[in-house]
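Participant: Sharing a structure, written as structure tokens. Questions coming.
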Amino acid sequence: MKTNINLLLFFTISLFSVLQLSAQLDSNSGSKEKGKIKGVVLNNSKEVTKPKALELDGNDGFKNAFDKENDKLKKQKEENDLNNKGIITQEKQREERFLKAFKKVNGQYIYPVIDQDLGSFRTDSKSVNIICRDFQYPDGDMVTIFVNDIPVVHNITLKRSYQKFNIPLEIGINKIAFKALNQGTSGPNTAAFKVYNDEGTLLSSNEWNLATGAKATIVIAKDK
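Numbering (mature numbering (1 follows the signal peptide of the UniProt record, and there is no 0)), first residue to last: -23 to -1, 1 to 201.
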């Protein structure tokens, strides 16, 4: 009888302990514990892949990309050429002007023919004295002097020292032009000149770099 009572007491105590432990576990599961990190798993997340355009395979990667760009530009140029066939574009005009300005013949640059205006002066002198020379190394530069479009001094070969020429003036406008006949052996035509009135007063002094066929012009108005 005593043994049965002891067994009953043991089972009662054990059952009470189990119930108390279960209640404690339920209580702890609802509390927030420090140091724990809850992870969130997204079922619909996508894998990030590297863009193919940035992938360069081996040492030839850059070369392949470079070649592709060249092919693209080549095709674009062919399309533009086809669309502009028979049309002189502004770019083409600029290219032609540049090449024309620096055309080279027999190893010598041919400069563009550009005339120069050397100014206008007034005098009551009956004539003017012109002295001229090659201000660079003499290389065979030649000029002709015109007065009102009429040649008055022909084929002057410029030298290191000055050469003197007397030009009579008419009442009114006297347009005196110096025309470069060539560019010597090195080019361009490099002439220096001075113009004096009949009293020895300097009217004009200048130097030029002229292409073959270009003119440097001075206008002198003679009073009555």
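Ideal Cβ positions, reconstructed from N, Cα and C, are used throughout, including at glycine.
Keep in mind that this is a model prediction, so the values were computed, not measured.
Once you ignore the five residues that flank Glu184 on each side, which residues in its own chain have a CB closer than 6 Å to its CB?
Facilitator: Counted from its first residue, the sequence shown places residue 184 at position 207. So the qualifying residues of the chain are Phe112 and Ala169.
Participant: Measure the beta-carbon distance from Leu187 to Ala157 and round it to whole angstroms, keeping in mind my assumption that it falls under 8 Å.
Facilitator: On the sequence shown, residue 187 is found 210 positions in, with the first residue counted as 1. On the sequence shown, residue 157 is found 180 positions in, with the first residue counted as 1. Correct: roughly 4 Å between the Cβ atoms.
Participant: Using C-beta distances below 7 Å, list every residue in its chain close to Lys103, excluding the 5 sequence neighbours before and after it, in chain order.
Facilitator: To locate residue 103, count along the sequence shown from 1; it is residue 126. Excluding residues within five positions, the ones whose Cβ falls inside 7 Å are Pro145, Leu146 and Asp175.
Participant: Distance check for Glu56 and Ala198, CA to CA, integer angstroms please.
Facilitator: Mapped onto the sequence shown, residue 198 falls at position 221. Mapped onto the sequence shown, residue 56 falls at position 79. Whole-angstrom Cα-Cα distance: 60 Å.
Participant: How long is the line joining the alpha carbons of Leu33 and Lys51, rounded to whole angstroms?
Facilitator: Position 56 of the sequence shown, counting from 1, holds the residue named residue 33. Position 74 of the sequence shown, counting from 1, holds the residue named residue 51. A caution first: Leu33 carries a pLDDT of 46, below 50, which makes its placement in the model too unreliable to give a value.
Participant: Taking all protein chains shown into account, decide if Leu95 is buried (16 or more other Cβ within 10 angstroms of its Cβ) or exposed.
Facilitator: If you number the sequence shown from 1, residue 95 lands on position 118. Flag for Leu95 reads buried.
Participant: When the Cα atoms are used, what is the spatial distance from Asp118 to Cys109?
Facilitator: As a first step, residue 118 must be located in the sequence shown, where it is residue number 141. As a first step, residue 109 must be located in the sequence shown, where it is residue number 132. If you take the alpha carbons of Asp118 and Cys109, they lie about 11 Å apart.
Participant: Could you check whether the Cβ of Lys136 sits closer than 7 Å to any heavy atom belonging to the ligand NAD?
Facilitator: Among the components of this structure there are no ligands whatsoever, and the ligand NAD is therefore not found.
Participant: Tell me Phe123's beta-bridge partners as DSSP assigns them.
Facilitator: The residue given as residue 123 occupies position 146 in the sequence shown. Answer by DSSP bridge pairing, in chain order: Pro128 and Ala154.
Participant: What residues in its chain sit with their C-beta under 6 Å from that of Ser163, if we drop five residues either side in the sequence?
Facilitator: As a first step, residue 163 must be located in the sequence shown, where it is residue number 186. The residues are Asp116.
Participant: Measuring alpha carbon to alpha carbon, tell me which residue in Val105, Thr194, Val120 and Ser181 is nearest Gln160.
Facilitator: Locating residue 160 in the sequence shown gives position 183, where the first residue counts as 1. Of Val105, Thr194, Val120 and Ser181, the residue nearest in Cα terms is Val120.
Participant: On the criterion of 16 or more Cβ atoms from any shown chain inside 10 Å, does Phe39 qualify as buried, or is it exposed?
Facilitator: Within the sequence shown, the letter at position 62 stands for residue 39. Its pLDDT being 48, under 50, Phe39 is placed unreliably by the model, and nothing is read from it.
Participant: Leaving out five residues on either side along the sequence, give the residues of the same chain with a beta carbon under 6 Å from the beta carbon of Asp101.
Facilitator: Locating residue 101 in the sequence shown gives position 124, where the first residue counts as 1. Counting only Cβ-Cβ distances below 6 Å, and skipping sequence neighbours, we find Asp200.
Participant: Assuming contact is defined by CB atoms lying nearer than 8 Å, are Ala191 and Asp92 in contact in what I supplied?
Facilitator: On the sequence shown, position 214 is the one that residue 191 refers to. On the sequence shown, position 115 is the one that residue 92 refers to. Yes, the pair counts as a contact, with Cβ atoms nearer than the cut-off.
Participant: Spatial neighbours of Ser182 within its chain, please: C-beta separation below 7 Å, excluding the five flanking residues on both sides.
Facilitator: For this step, residue 182 is matched to residue 205 along the sequence shown. Within the same chain, Ser182 has close Cβ partners Lys171.
Participant: What three-state label does DSSP hand Lys201 in the structure shown?
Facilitator: Translated into the one-based positions of the sequence shown, residue 201 becomes position 224. In the structure shown, Lys201 sits in coil (DSSP, three-state: anything other than H, G, I, E or B).
Participant: Please classify Ala30: does DSSP put it in a helix, a strand, or coil?
Facilitator: Along the sequence shown, one-based indexing puts residue 30 at 53. Note that Ala30 has pLDDT 46, beneath the 50 cutoff, so the model's placement of it is unreliable and no number is given.
Participant: With distances taken from CA atoms, which of Gly149, Thr189, Ser97 and Thr178 is nearest Pro165?
Facilitator: Numbered from its first residue, the sequence shown carries residue 165 at position 188. Nearest of Gly149, Thr189, Ser97 and Thr178 to Pro165, Cα basis: Thr189.
Participant: Please return the same chain residues whose Cβ sits closer than 7 Å to the Cβ of His131, not counting the five positions on each side in sequence.
Facilitator: Working through the sequence shown from its first residue, we reach residue 131 at position 154. Hits under 7 Å: Thr121.
Participant: Measure the Cβ-Cβ separation of Val105 and Lys152 and say whether it is below 8 Å.
Facilitator: In the sequence shown, counting from the first residue as 1, residue 105 sits at position 128. In the sequence shown, counting from the first residue as 1, residue 152 sits at position 175. Result no, Cβ atoms of Val105 and Lys152 do not sit closer than 8 Å.
Participant: Does the distance from the CB of Leu180 to the CB of Phe123 come in under 8 Å?
Facilitator: As a working note, residue 180 is residue 203 in the sequence shown. As a working note, residue 123 is residue 146 in the sequence shown. Contact flag unset, no.
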